[in-house]
Each structure stands twice: as structure tokens, then as C-alpha cells.
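**Q** Residue numbers are given in this note's numbering: position 161 of the sequence shown equals residue 161, and the series is strictly consecutive. All C-beta atoms, glycine included, are put in the ideal place defined by N, C-alpha and C.
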Amino acid sequence: MADTIADTRRLFTKPQNLNDAYGPPSNFLEIDVSNPETIGVGRGRFTTYEVRLKTNLPIFKLKESCVRRRYSDFEWLRAELERESKVVVPPLPGKALIRQLPFRGDDGIFADAFIEERRQGLEQFLNKVAGHPLAQNERCLHMFLQEESVDKNYTPSKVRQA
1 MADTIADTRR
11 LFTKPQNLND
21 AYGPPSNFLE
31 IDVSNPETIG
41 VGRGRFTTYE
51 VRLKTNLPIF
61 KLKESCVRRR
71 YSDFEWLRAE
81 LERESKVVVP
91 PLPGKALIRQ
101 LPFRGDDGIF
111 ADAFIEERRQ
121 GLEQFLNKVA
131 GHPLAQNERC
141 LHMFLQEESV
151 DKNYTPSKVR
161 QA
């Protein structure tokens, strides 16, 4: 058995200047889920969330976008990614079935604390998914993040860089 010696020489790096240190990042992807809005009355009541994207990644056709999505749209995105991609898709925040029962003493799924907790979970979900290089190629993700309405009858495909 031959003895191997690890190479411990330092890698030569170029000195960092102020532009490198404090300039814009080379690649960034920021997704915020904010401004929850509850719409409707009675059984037709639901909450939508503003999904705001800022990026300089070339795979996205728009560098900034803002759309409104409901929880069921997030469920659709998760199902599409599980079906079409090779990505392990993280879970969504729970459905909160007990909170949907009638005759509760609170607002159930429309309580401010619950909506905020769900908003944070949805934001974490989207940032994990959109940060994955394989998921970034999925047309369903691009449609979800950048198109005003989600066409649930779309043809699944990969997005090619512009």
C-alpha cells in the first residue's frame, strides 16, 4: 500500500477589492410572501398572499414580479413539482383542519396569528424550492412566481435559459 501525502499548499486567490466586497451579489434570488388579504364571506372566504420575486438569475424571464396566490395554489405547485421534477419537495405548512370547524370561539384559519404563521411557512417553502437548481428549470415554478394567473391545465416542460 502506497503512502499518500495530502497536498496542503494554499490556493492562490485574487485579492478582494471594495467593489467585490460591497458590490451587488453575482447571483441572487429573493422571494417574499407578504400582505395577506382575506377575501369573501362565509364558506367562500379565503386568504391570498403577495408573492414578490427579485432576481438576476438568467433562467427567469422577469427580474422582478409580484403576484397574488392562495394556499391552494401552493398545494398545486407542490404537487406539480413532486410529479414532474427529480427534486425532493419540502412540506407546506399544515392545513389546520381543526381550525376550520364551526362554532369555535376564534376566527379559526382567519385569525391573524394563524395567517402570519402560515405566511412564514409558505415563504420558507418557496425559498427552499426556488433555490434548488433543478426546480428552477420547471415551467410550473416560473408560472407560479411570474404569471398573473396559474394555468392548471398547462403542459409540463422545462424552461430553457434565455
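(1) Let me make sure I understand the geometry here. Which of 13, 142, 63 and 159 has the alpha-carbon closest to that of residue 78?
(2) With a threshold of 16 other CB atoms inside 10 Å of the CB of residue 75, please say whether the residue is buried or exposed.
(3) Just mark residue 101 as buried or exposed, buried being the case when its beta carbon has 16 or more other beta carbons within 10 Å.
(4) In chain order, what residues of the same chain have a beta carbon less than 7 Å from the beta carbon of residue 127, not counting five sequence neighbours either side?
(5) Specify the secondary structure class of residue 118 as computed by DSSP and reduced to three states.
(6) Between residue 65 and residue 146, what straight-line distance do the alpha-carbon atoms span, to the nearest angstrom?
(7) Candidates 50, 89 and 81: which alpha carbon is nearest residue 158's?
(8) In angstroms with no decimal places, state the Cα-to-Cα distance between residue 69 and residue 132.
(9) Sorted by chain position, which residues of the same chain lie with C-beta nearer than 7 Å to residue 12's C-beta, five sequence neighbours on each side aside?
(10) Grab me the residues of residue 151's own chain with a C-beta within less than 7 Å of its C-beta, minus the 5 sequence neighbours each way, in chain order.
(11) Using 8 Å as the Cβ pair cut-off and three pairs as the minimum, do the segment 86 to 93 and the segment 39 to 49 touch?
(12) What first and last residue would you give for the alpha helix (DSSP H) that runs through residue 74?
(13) With a CB to CB cut of under 7 Å and the five nearest residues on each side skipped, what residues in its chain are close to residue 28?
(14) So what's residue 129 in DSSP terms, helix, strand or just coil?
(15) Can you tell me where the alpha helix (DSSP H) holding residue 10 begins and where it ends?
(16) So the candidates are 129, 124 and 115; which of them puts its Cα closest to the Cα of residue 48?
**A** In short, the structure shows the following:
(1) With distances taken between Cα atoms, residue 78 lies closest to 142.
(2) Of the other Cβ atoms in all chains shown, fewer than 16 fall within 10 Å of the Cβ of residue 75; this residue is therefore exposed.
(3) Legend: pLDDT at residue 101 = 49, less than 50; position of this residue unreliable, value from coordinates given subsequently. Residue 101 comes out exposed.
(4) Answer for residue 127: 31, listed in chain order.
(5) For residue 118, the three-state secondary structure derived from DSSP is helix.
(6) Rounded to the nearest angstrom, the two C-alpha atoms are 6 Å apart.
(7) Measuring C-alpha to C-alpha distances from residue 158 to each of 50, 89 and 81 identifies 81 as the nearest.
(8) Each residue's alpha carbon lies about 21 Å from the other.
(9) Leaving aside the five residues that flank residue 12 on each side, none in its chain has a CB nearer than 7 Å to its CB.
(10) Cβ within range, chain order: 143.
(11) When Cβ pairs closer than 8 Å are counted between the two stretches, the segment 86 to 93 is seen not to touch the segment 39 to 49, the count staying below three.
(12) Run containing residue 74: 71 to 84, per the alpha helix (DSSP H) assignment.
(13) If we look at residue 28 and ignore the five residues flanking it on each side, its Cβ neighbours are 55 and 56.
(14) Residue 129: helix per DSSP, three-state reduction.
(15) According to the DSSP assignment, residue 10 belongs to no alpha helix (DSSP H), since it is labelled neither H nor E.
(16) Closest option to residue 48, judged by alpha-carbon separation, among 129, 124 and 115: 115.
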